[in-house]
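Going by the working numbering, the letters in the sequence shown line up with residues 26 to 466, in that order.
Following: one structure in structure tokens, then a few remarks.
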Amino acid sequence: MYINGNLKGKTPLTITLSYGDYEIEIKKENYEVEKRELTVNRKTKDINIALSEKKRCDVVLNIQESPLLESPYTVYLDGHFTVEVTECTLKNIPKGTHTIRLVSLEDILEKTINLAGDITLSRQDFNRAISYSNYSWLSSLMDIEDYSEHYGKGMKLIVFNDDKPLVNVCCSAAATAYSNIFVNETVNVSGYIEKEAAINNFDIVFPSGKKVHFDTTEKNGYMVFSKKVTFDEVGKYTIGKGSPFEVLYKATPLSLTKTIYELFGEIYELSGKRGDTVAIPENTEETIKLFITDANGKPVINKSIGMYGAKTDSHGIVALKVKGKCGFYGITVNGENVGVRLYGGLIGCVYHTTTLNKKDVDIKYINGDVYIPKALVLEYFSNEFIKDTKIIDGKEYADLETLKGGGPIGGGSIESGPILACSVIITDDEIEFLKMCDMVP
Numbered sequence: 026m027y028i029n030g031n032l033k034g035k036t037p038l039t040i041t042l043s044y045g046d047y048e049i050e051i052k053k054e055n056y057e058v059e060k061r062e063l064t065v066n067r068k069t070k071d072i073n074i075a076l077s078e079k080k081r082c083d084v085v086l087n088i089q090e091s092p093l094l095e096s097p098y099t100v101y102l103d104g105h106f107t108v109e110v111t112e113c114t115l116k117n118i119p120k121g122t123h124t125i126r127l128v129s130l131e132d133i134l135e136k137t138i139n140l141a142g143d144i145t146l147s148r149q150d151f152n153r154a155i156s157y158s159n160y161s162w163l164s165s166l167m168d169i170e171d172y173s174e175h176y177g178k179g180m181k182l183i184v185f186n187d188d189k190p191l192v193n194v195c196c197s198a199a200a201t202a203y204s205n206i207f208v209n210e211t212v213n214v215s216g217y218i219e220k221e222a223a224i225n226n227f228d229i230v231f232p233s234g235k236k237v238h239f240d241t242t243e244k245n246g247y248m249v250f251s252k253k254v255t256f257d258e259v260g261k262y263t264i265g266k267g268s269p270f271e272v273l274y275k276a277t278p279l280s281l282t283k284t285i286y287e288l289f290g291e292i293y294e295l296s297g298k299r300g301d302t303v304a305i306p307e308n309t310e311e312t313i314k315l316f317i318t319d320a321n322g323k324p325v326i327n328k329s330i331g332m333y334g335a336k337t338d339s340h341g342i343v344a345l346k347v348k349g350k351c352g353f354y355g356i357t358v359n360g361e362n363v364g365v366r367l368y369g370g371l372i373g374c375v376y377h378t379t380t381l382n383k384k385d386v387d388i389k390y391i392n393g394d395v396y397i398p399k400a401l402v403l404e405y406f407s408n409e410f411i412k413d414t415k416i417i418d419g420k421e422y423a424d425l426e427t428l429k430g431g432g433p434i435g436g437g438s439i440e441s442g443p444i445l446a447c448s449v450i451i452t453d454d455e456i457e458f459l460k461m462c463d464m465v466p
């Protein structure tokens with residue numbers, strides 16, 4: 026308790042006051058500070074002051090620089106940029122569950138907290154989400170051709186965009202890597218280069234030829250760099266004279282465009298796989314419609330999407346003709362072979378369809394379920410997909426309903442390994458078997 030700004034002690038407390046005017050301030054952990062002005066006179070008997078519990082709290086971060094490069098961490102609260110320094114206090118955060126990420130040139134630290142009151146966090150309280158020293162070779166290496174003649178395999182420029190790689194050349198399905206950056210998105214491009222590469226500066230070159238210049242600074246044996254960049258053009262970018270990468274718009278499939286989730290069920294949601302993957306029937310050309318926006322959700326009206334010579338209409342919708350065949354990377358868009366990537370982060374998967382006439386199939390109906398001979402099912406699906414069977418009149422039958430959703434290739438859990446799904450559609454006259462030709466990454 027404070028009276029006129031002076032600490033008087035902690036309750037329970039007995040204080041003698043003369044007649045006069047006073048300012049009383051009461052503080053209690055995890056409660057709002059309560060201030061009152063009052064007058065004490067002969068009529069004063071009781072003074073009631075109620076404290077209200079805090080609905081918002083403060084998180085004090087006491088984080089030293091990352092140990093290797095001594096680079097400061099950038100703070101993200103629930104995925105949103107907060108501050109660029111970590112000796113700070115995040116104020117007025119609502120109570121509840123929050124995730125704090127610390128991103129540096131060296132690594133990424135993460136902690137999920139259930140905020141019930143003011144807390145202080147140090148570096149030791151965080152878990153390492155990504156260590157670039159181990160992760161970079163799997164993610165974001167890009168050749169700088171200017172220096173390749175001096176080194177047998179070429180020197181590598183390591184580039185990071187906040188908490189994700191800017192480019193992924195090693196595993197891209199297409200010759201041009203996709204960046205996972207959307208048009209009009211501002212990201213922190215930072216990283217480090219081996220000092221031996223002697224790269225003192227470089228440019229990010231936009232599709233129009235515009236350049237953003239980076240100078241590197243020596244630190245602990247590395248050349249480090251960091252700059253915020255707004256990628257406001259659609260198309261191919263380059264770093265120095267290295268391999269190109271693409272920045273595209275956001276694409277959302279509209280309702281008439283079928284997705285893997287719609288056809289093959291929740292196994293994709295459960296496994297963390299790409300349930301929004303566009304489902305493409307084998308050897309059939311279909312038109313898919315996508316709603317195109319920039320990074321901020323603004324519709325892209327009557328503009329090129331940067332691929333296929335395609336353009337949005339007055340509502341921000343683009344129509345693309347897709348065709349697929351079973352086989353690795355067998356998808357074309359507007360006549361161009363694209364591998365599996367339809368547009369930006371949106372990928373496609375081809376599925377094969379076989380239709381049987383019910384009149385030609387030995388069908389058993391049991392308690393509302395549809396059973397057909399297991400031997401017939403095995404012509405389309407492997408045994409691991411068959412989850413329920415019954416012996417009827419000495420013959421084994423499979424429940425068609427339980428085939429929906431599929432499972433992992435080779436068995437195992439849905440969290441491990443690629444998913445290859447199947448499904449069955451039963452109508453009044455037909456039984457339609459659907460089977461994916463390739464797995465979804």
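We put the CB at the ideal spot given by N, CA and C, even for glycine.
Quick caveat, the model's predicted, so the values are computed rather than measured.
Asn226 has Asp240 as its beta-bridge partners, per DSSP. For Lys412, the secondary structure class from DSSP, reduced to helix, strand or coil, is coil. Annotation: the continuous beta strand (DSSP E) that includes Phe256 extends over 247-256.
In the structure shown, Tyr98 adopts coil according to DSSP, grouped into three states. Note that the C-beta distance between Lys350 and Glu307 is below 8 Å. Put simply, the backbone Cα of Phe458 is about 14 Å away from that of Val395. Rounded to the nearest whole angstrom, the CA to CA distance from Lys53 to Phe151 is 28 Å. Residues of the same chain with a CB within less than 7 Å of the CB of Ser233, apart from the 5 flanking positions on each side, are Glu258 in chain order. Tyr405 sits in coil when the DSSP states are folded into three classes, being neither helix nor strand. At the C-beta level, Asp143 and Leu115 stay beyond 8 Å of one another. For Glu59, the secondary structure class from DSSP, reduced to helix, strand or coil, is strand. Spatial neighbours of Tyr333 in its own chain (CB-CB distance under 7 Å, excluding positions within 5 residues in sequence) are listed in chain order as Leu345, Val358, Asn359, Glu361. Looking at the DSSP output, Ala423 sits in a beta bridge with Ile397, Thr414. In this structure, Glu243 sits away from Gly260, with a CB-CB distance that is not shorter than 8 Å.
Cβ contact annotation for His238 (same chain, cutoff 7 Å, sequence separation greater than five): Asn226, Asp228, in chain order.
Val343 sits away from Leu273, with the two beta carbons spaced by 8 Å or more.
Burial is judged here by how many other beta carbons sit within 10 angstroms of a residue's own beta carbon; Thr211 has fewer than 16 and is exposed. Between Leu288 and Leu315, the C-beta spacing is not below 8 Å. Beta bridge pairing from DSSP links Pro119 with Arg81.
Counting along the chain, Leu146 sits inside the beta strand (DSSP E) bounded by residues 144-147. Here Ile397 is near Leu425, since their CB atoms are less than 8 Å apart.
Here Tyr333 carries a coil assignment [DSSP, helix/strand/coil]. Note that the C-beta distance between Lys220 and Tyr262 is not below 8 Å.
Short of 6 Å from the beta carbon of Thr64, and not among the five residues preceding or following it, lie these beta carbons of its own chain, in chain order: Asp46.
Looking at the backbone, the Cα of Ile51 and that of Tyr27 are separated by about 6 Å. Inter-residue distance for Leu140 and Gly34 is about 28 Å (C-alpha atoms, whole angstroms).
CA-to-CA, the gap between Tyr368 and Val325 works out to about 15 Å. In the three-state reduction of the DSSP assignment, Phe151 falls in the coil class, being assigned neither a helical nor a strand state. In the structure shown, Tyr286 adopts helical secondary structure according to DSSP, grouped into three states.
Using a 10 angstroms sphere on the CB of Asn29, the tally of other CB atoms stays under 16, which defines it as exposed. Taking the Cβ atoms as the reference, Ile330 lies roughly 15 Å from Thr282, outside the contact range of under 8 Å.
Per DSSP, the beta-bridge partners of Asn87 are Glu112, Ser147. Residue pairing by DSSP places Ile28 opposite Asn31, Ile49 in a beta bridge.
Val386 and Thr277 have their C-alpha atoms spaced approximately 40 Å apart. Membership of Ile342 in the beta strand (DSSP E) is indicated by the continuous run 342-349.
Distances from the alpha-carbon of Val214 to those of Val249, Ile74, Ile224 put Val249 closest.
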